[in-house]
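So the sequences go chain by chain: A and B.
Residue 702 is where the first sequence starts when you use the numbering used here, and the numbers rise one by one after that.
Residue 702 is where the second sequence starts when you use the numbering used here, and the numbers rise one by one after that.
Glycine included, each C-beta is placed from N, C-alpha and C at the ideal position.
Everything numeric in this text was worked out from a predicted model, so none of it was measured.
Everything below concerns the one structure shown next.
There are 2 protein chains.
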Amino acid sequence: MATTTETSETYEQFIEHVRQLHYVSDAGSVLQWDQQVMMPEGGTPARAKQSSALSTLHHDLLTDDQLGEWLDELEAADLDAEEAAVVREVRRDHERAVRVSSDLVERISEASSNALPVWEEAKAEDDFEMYADTLEEMVQLRREYAAAIDPDRDPYEVLFEEYEPYLGIDTAEDVLTTLRDELVPLIDDIADSDVTLADPFSGTYDDDTQHALVEDALATLGYDWDHGRLDTAPHPFSTGTQFDARVTTRFKPDDPMDAVGSTIHEFGHATYTLGLPREQYGTPLGDNRDLSVHESQSRFWENHVGRSRPFWDHFAETANDHLGIDASPREFYEAANTVHPDNLIRVEADELTYHMHIVLRFEIERDLIRGDLAVEDVPQVWNEKMEEYLGVRPETDAEGCLQDIHWTNGAIGYFPTYTLGSVLAAQLDHHLRADVGDVDTLVRDGDFDDIHDWLTENVHRHGARYETDDLVREATGESVSADHFLAYADEKYRDLYDC
Amino acid sequence: MATTTETSETYEQFIEHVRQLHYVSDAGSVLQWDQQVMMPEGGTPARAKQSSALSTLHHDLLTDDQLGEWLDELEAADLDAEEAAVVREVRRDHERAVRVSSDLVERISEASSNALPVWEEAKAEDDFEMYADTLEEMVQLRREYAAAIDPDRDPYEVLFEEYEPYLGIDTAEDVLTTLRDELVPLIDDIADSDVTLADPFSGTYDDDTQHALVEDALATLGYDWDHGRLDTAPHPFSTGTQFDARVTTRFKPDDPMDAVGSTIHEFGHATYTLGLPREQYGTPLGDNRDLSVHESQSRFWENHVGRSRPFWDHFAETANDHLGIDASPREFYEAANTVHPDNLIRVEADELTYHMHIVLRFEIERDLIRGDLAVEDVPQVWNEKMEEYLGVRPETDAEGCLQDIHWTNGAIGYFPTYTLGSVLAAQLDHHLRADVGDVDTLVRDGDFDDIHDWLTENVHRHGARYETDDLVREATGESVSADHFLAYADEKYRDLYDC
């Protein structure tokens, strides 16, 4: 606790203000969940007003001069480590909010609203020309945004830090480059392999069947239904607090493994949220670290559990019962890990080729923001990189550079966190196994408690107390590195494809 | 529009502030809907914080000094009728919020939180003694609340105006007393009648069956699914905006008519909300008038449509299909209108005896607040009045004065609005028939458009522009009166019971 009575009083007022900020933000998340999962479509105009009112109030609380004064006072005081961490986190949010004018925030918000139908039509018509000016405007706005936060630094770095503030663009670049260099030959070998992995699914599976299947998957993994729920949404996501972290999924009639993987992925996000300390709800100590760490939790469960042989040893019988088939654990395992180098679409990519899609987007968005690439050249560069990294060239921009919504939303600098999450997941998995022992046997027995405990102990319970790289070192004793992911991928996929 | 540029500018700023207030309030309603319908129970602590944060922000916006200054300026300006109505409504809310200290609001909120488990236990144990101090505290707090708003007026009147500001306690008292005097002999005659009405239901009906049934009832009546949805909740309610007004219901296995009636009741509330002008969303002109008028819409649809013979002429076949029975329209009609004078529980009461439950509660709560009745005497007075009005005496307080949650919640002065709603519904029904013509044939044909149009034209579209009594006069050409309800009840029930 802070040492003087005066500092202590300031800290109490400050932390109460911070909690209010979080509560308003979380109320906004409830509105968004409802909008995507429950709201009838006609509710949109009113919901837009409600959400915007909460955003405005949140922004007012965050940029409040009084908050700035408290931060000044507390930064000069003698705080303990936890208090100092809280002050660090709030200072960062406060500073970014203060530096970016409301006018710019509004212009970005408006531009991305206007961009959405343009992007949708351009994608439907496969007409990049139609979209080029819109992308150019968003790139300019985001450069302006980065300059408002810090005119002296690389604008892409500043944007990346919006999503992952404490890992460094150099680390990200290093990881992505290493993955590109190491995975391309592995994917080549797989493409050349004669092995064909099993596909035990034929016909289609209705929504009720798939819902019951993924509900059982969640129950098996230990999802806490008293603090969560499962629904469907057009784009699966997870949201909530440590008291109520919800999962959404969707069903493709001919591909039940898609729903299983997607549901387990969102489950991973939810377990992170549910593992945050409850007594710290509303403060950074009770809030998650940023996107890389969040994604490491979803990818850990999706890939290192849900795509593992031991999981299917445990879950195959249940899955067979639901789907009315008779596939072996090995067949489910193979179906979950089939590599498709010729796939063009990121969200349909397998665990390996996925990262090539990210590397490509990272390189393009970085160069766009830095001014090293012109918008008009994006389609050509995209296609060349697809050919270079995956040996396949999109025939249309709809299947190429128009496929993702991120840039249209203004989310530039976001893509790398997906791959960083995978890399971190593999690193955590490696150290979990060193600490806990025979994880495969636990998973095969359906006993996930030790895994949950390890992740809670080493990651979740810290909230945002540590900066990302410190958190990773606390949990694993080393900095973020691509090595564990590469070793895991190499072993698993060379075995599967006998190459 | 306001006449001078300056006034016009003030009005613009003022109305923008008012809209923000409404948006925050509506965001809070989304959180409450979610809590009662979707939220896993473990989410409660976080939700309490989020809701409370929104309440605080709403209160701050409502009591803002700047808002008071705008109101002063606008009240002195030359406004048109609609602007003046907006200023009147906001002034009232602002004034009440300013006069009641945050401390008192918090003490009432805390007292009612604390009262809940005490009431629950007292009811479970049938032990009024256990609850007496709690009720006494709430009565004192509510008297203090009334005195804060206006120390010179009857405190019960002030409390009643919390729920129905523009009808007058005299009107309420007059209506309730008339109903008591006129309905007691009618109920006596029904109790003495030899007629037994049909009960075509046997066995139980599962939730899915009842859900499909009430969904069809909503579709038949013209519920707009693009702007609403149907879910279940422990205590059915309706909530939302003119863009998204939702209905909840619940199912009793052996009583499908309960779900039908309750669903149509909430549908009535939702149609009112959906009929409010969309372009006025966020202002009093796009907001509903108070509880009596809201309840008139629910009771109109529940009683004057849903309990009518023409409705069952239309809907019996659908109901039979769902329930797997073969009841005639007449049997459904009788089942929907069976009077049970010996029923002790308000929420299970029929259309007629219901009002005796309200009269009793009104007399008791009025006398408690005015200091004319001591808390310790409530059970005895309750039981005496039950005997006097309905000829039946509760054997326990659990089935007597402990049955309702309202007083525990601090809602004193609320009960009369239920009966005022019924009376208003009958009055509207009378004038609808005079204006539209053969309503029975329309209902029998399942053609509800003209009814919706009449209600929208005469009630919904005005929002809160008119004070309640003016709205009633606009719609019906006369003040609120019990006469139409009494004529309707007398004709319908003397015919059904041949008395």
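Where glutamine 737 of chain A meets chain B, residues with beta-carbon distance less than 9 angstroms: Residue mapping note: residue 737 of chain A aligns to position 36 of the first sequence, counting from 1. The contact set of glutamine 737 of chain A on chain B, defined by CB atoms closer than 9 angstroms, is empty, because the minimum CB distance reaches about 13 angstroms.
Valine 948 of chain B bridges to which residues according to DSSP? Within the second sequence, the letter at position 247 stands for residue 948 of chain B. Beta-bridge partners of valine 948 of chain B (DSSP): B:Leu931 and B:Ser939.
Contacting residues, own chain, Cβ-Cβ under 6 angstroms from arginine 1145 of chain B (five flanking each side not counted): As a working mapping, residue 1145 of chain B is identified with position 444 in the second sequence. Excluding positions up to five away in sequence, the list reads Pro1011, Asp1014 and His1015.
Distance, Cα to Cα, valine 1137 of chain A vs aspartate 1151 of chain A? Numbered from 1 along the first sequence, position 436 holds the residue referred to as residue 1137 of chain A. Numbered from 1 along the first sequence, position 450 holds the residue referred to as residue 1151 of chain A. Roughly 7 angstroms between the two C-alpha positions.
Do arginine 947 of chain B and leucine 931 of chain B have their C-beta atoms closer together than 9 angstroms? Residue numbering aside, residue 947 of chain B sits at position 246 when the second sequence is read from its first letter. Residue numbering aside, residue 931 of chain B sits at position 230 when the second sequence is read from its first letter. Yes; because the gap between Cβ atoms is below 9 angstroms, this pair is in contact.
If we define contact as Cβ-Cβ less than 9 angstroms, is glutamine 943 of chain A a contact residue for chain B? As a first step, residue 943 of chain A is located in the first sequence; it is residue number 242 there, counting from the start. Judged by the 9 angstroms Cβ criterion, glutamine 943 of chain A is in contact with chain B.
Proximal residues to leucine 817 of chain B (C-beta, below 7 angstroms), its chain only, five neighbours per side dropped: The sequence position of residue 817 of chain B within the second sequence is 116, counting from 1. These residues qualify, in order along the chain: Thr1109.
Chain-ordered chain A contacts of alanine 892 of chain B [CB-CB under 7 angstroms]: Start at 1 with the first residue of the second sequence, and residue 892 of chain B comes out as number 191. Going along chain A, no residue has its Cβ under 7 angstroms from alanine 892 of chain B, so there is no contact; the nearest lies around 45 angstroms.
When you compare only the Cα positions, how much space is there between alanine 728 of chain B and proline 741 of chain B? Here residue 728 of chain B refers to the residue found at position 27 of the second sequence. Here residue 741 of chain B refers to the residue found at position 40 of the second sequence. Approximately 19 angstroms between the Cα atoms of the pair.
May I ask you to verify whether the region 845-863 of chain B touches the region 1014-1030 of chain B, counting CB pairs closer than 8 angstroms and requiring at least 3? Touching, no.
In chain B, which residues lie less than 7 angstroms from leucine 732 of chain A when you measure between Cβ atoms? Looking up residue 732 of chain A in the first sequence gives position 31. What leucine 732 of chain A touches in chain B: Ala728 and Val731.
Whole angstroms are fine: how far does the CA of valine 1040 of chain B sit from the CA of aspartate 1196 of chain B? As a first step, residue 1196 of chain B must be located in the second sequence, where it is residue number 495. As a first step, residue 1040 of chain B must be located in the second sequence, where it is residue number 339. Near 13 angstroms, if we compare the C-alpha coordinates of valine 1040 of chain B and aspartate 1196 of chain B.
Cβ atoms of glycine 1092 of chain B and aspartate 889 of chain B: under 9 angstroms apart, would you say? Numbered from 1 along the second sequence, position 188 holds the residue referred to as residue 889 of chain B. Numbered from 1 along the second sequence, position 391 holds the residue referred to as residue 1092 of chain B. Inclusion of aspartate 889 of chain B and glycine 1092 of chain B in the CB contact set at 9 angstroms is warranted, their separation being smaller than that value.
Below 8 angstroms on the Cβ atoms is my contact criterion, and I expect glycine 983 of chain A with tyrosine 1198 of chain A to pass it. Report the Cβ-Cβ distance as a whole number of Å. Looking up residue 983 of chain A in the first sequence gives position 282. Looking up residue 1198 of chain A in the first sequence gives position 497. No, glycine 983 of chain A and tyrosine 1198 of chain A are not in contact; Cβ-Cβ is about 49 angstroms, not under 8 angstroms.
What residues in its chain sit with their C-beta under 7 angstroms from that of serine 997 of chain A, if we drop five residues either side in the sequence? Counting from one through the first sequence, the residue named residue 997 of chain A turns up at place 296. These residues qualify, in order along the chain: Gly1122, Leu1125, Ala1126 and Leu1129.
If you check the beta carbons only, do tyrosine 857 of chain A and glutamate 1179 of chain A fall under 9 angstroms apart? Walking along the first sequence from the start, residue 857 of chain A turns up at place 156. Walking along the first sequence from the start, residue 1179 of chain A turns up at place 478. Going by C-beta atoms, tyrosine 857 of chain A is not nearer than 9 angstroms to glutamate 1179 of chain A.
Of the residues A:Leu805, A:Ser1182 and A:Arg1062, the one placed nearest aspartate 1170 of chain A, counting alpha carbons only: Within the first sequence, the letter at position 469 stands for residue 1170 of chain A. Scanning A:Leu805, A:Ser1182 and A:Arg1062 for the CA closest to the CA of aspartate 1170 of chain A turns up A:Ser1182.
Taking 8 angstroms as the threshold, find out whether the region 756-770 of chain B comes into contact with the region 829-844 of chain B through three or more Cβ pairs. With a cut-off of 8 angstroms, the region 829-844 of chain B and the region 756-770 of chain B do not count as touching, because too few Cβ pairs lie within range.
Counting only Cβ-Cβ distances shorter than 7 angstroms, please list the residues of the region 1081-1101 of chain A near chain B, keeping chain order. With the criterion set as a beta carbon lying under 7 angstroms from some beta carbon of chain B, the region 1081-1101 of chain A has no members that meet it.
Quick one: grab the DSSP three-state call for aspartate 1130 of chain B. As a position in the second sequence, residue 1130 of chain B is number 429, starting the count at 1. Look at aspartate 1130 of chain B here: in three-state DSSP terms it is helix.
Just mark valine 1048 of chain B as buried or exposed, buried being the case when its beta carbon has 16 or more other beta carbons within 10 Å. Here the question's residue 1048 of chain B lines up with position 347 in the second sequence. Counting Cβ neighbours within 10 Å, valine 1048 of chain B comes out exposed, since fewer than 16 surround it.
Is it buried or exposed for isoleucine 1208 of chain B, if we count other Cβ within 10 angstroms and need 16 for buried? Coverage of chain B is limited to positions 702 through 1200, which leaves residue 1208 of chain B absent and any answer about it impossible.
Please state if the CB of tyrosine 973 of chain B and the CB of leucine 1156 of chain B are separated by a distance shorter than 9 angstroms. For the purposes of this step, residue 1156 of chain B is identified with residue 455 of the second sequence, where counting begins at 1. For the purposes of this step, residue 973 of chain B is identified with residue 272 of the second sequence, where counting begins at 1. Their beta carbons are under 9 angstroms apart, which means leucine 1156 of chain B touches tyrosine 973 of chain B by this criterion.
Would a C-beta distance cut-off of 9 angstroms place alanine 1028 of chain A and alanine 1037 of chain A closer than the cut-off? The sequence position of residue 1028 of chain A within the first sequence is 327, counting from 1. The sequence position of residue 1037 of chain A within the first sequence is 336, counting from 1. Going by C-beta atoms, alanine 1028 of chain A is not nearer than 9 angstroms to alanine 1037 of chain A.
Determine whether the beta carbon atoms of valine 885 of chain A and methionine 739 of chain A lie at a separation below 9 angstroms. Locating residue 885 of chain A in the first sequence gives position 184, where the first residue counts as 1. Locating residue 739 of chain A in the first sequence gives position 38, where the first residue counts as 1. Against a cut-off of 9 angstroms, the Cβ pair of methionine 739 of chain A and valine 885 of chain A comes out as no contact.
With a threshold of 9 angstroms between beta-carbons, can tyrosine 982 of chain B be considered close to chain A, or not? Indexing the second sequence from 1 puts residue 982 of chain B at position 281. Judged by the 9 angstroms Cβ criterion, tyrosine 982 of chain B is in contact with chain A.
Compute the distance between the beta-carbons of tryptophan 926 of chain A and alanine 934 of chain A, then report whether it is under 9 angstroms. Residue numbering aside, residue 926 of chain A sits at position 225 when the first sequence is read from its first letter. Residue numbering aside, residue 934 of chain A sits at position 233 when the first sequence is read from its first letter. The answer is no: Cβ separation not under 9 angstroms.
If you follow the alpha helix (DSSP H) that methionine 1087 of chain A is part of, which residue opens it and which one closes it? The residue labelled residue 1087 of chain A in the question sits at position 386 within the first sequence. If you look at methionine 1087 of chain A, you'll find it in the alpha helix (DSSP H) that goes 1079-1091.
Cutting at 6 angstroms between CB atoms, please list the residues of its own chain near valine 1173 of chain A, excluding the five before and the five after it. For this step, residue 1173 of chain A is matched to residue 472 along the first sequence. Closer than 6 angstroms at the Cβ level, and outside the excluded window around valine 1173 of chain A, lie Val1181.
Should glycine 962 of chain B go down as buried or exposed, given a rule of 16 or more other Cβ atoms within 10 Å for buried? Locating residue 962 of chain B in the second sequence gives position 261, where the first residue counts as 1. Residue burial is scored here from C-beta neighbours: glycine 962 of chain B has at least 16 other C-beta atoms within 10 angstroms and is therefore classed as buried.
Three-state secondary structure (DSSP) at leucine 889 of chain A? Counting from one through the first sequence, the residue named residue 889 of chain A turns up at place 188. For the record, residue 889 of chain A in the displayed sequence is aspartate; it is not leucine. Three-state result, aspartate 889 of chain A: helix.
Can you tell me which of the three DSSP states asparagine 682 of chain B falls into? In this structure chain B extends from 702 to 1200, so residue 682 of chain B is not present and cannot be described.
Within 9 angstroms (strictly less), CB to CB, does tyrosine 973 of chain A reach chain B? For this step, residue 973 of chain A is matched to residue 272 along the first sequence. It does not: the Cβ of tyrosine 973 of chain A has no partner Cβ on chain B nearer than 9 angstroms.
Could you tell me the boundaries of the alpha helix (DSSP H) in which isoleucine 716 of chain B lies? Taking the first residue of the second sequence as 1, we reach residue 716 of chain B at position 15. Counting along the chain, isoleucine 716 of chain B sits inside the alpha helix (DSSP H) bounded by residues 706-738.
Residue nearest to lysine 1086 of chain A in terms of C-alpha spacing, selected from A:Gly869, A:Arg881, A:Ala785 and A:Glu821: To locate residue 1086 of chain A, count along the first sequence from 1; it is residue 385. It is A:Arg881.
Can you check which of these residues, B:Glu863, B:Val1076, B:Gly929 and B:Gly1025, is closest to aspartate 991 of chain B by C-alpha distance? Here the question's residue 991 of chain B lines up with position 290 in the second sequence. The candidate whose alpha carbon is nearest that of aspartate 991 of chain B is B:Glu863.
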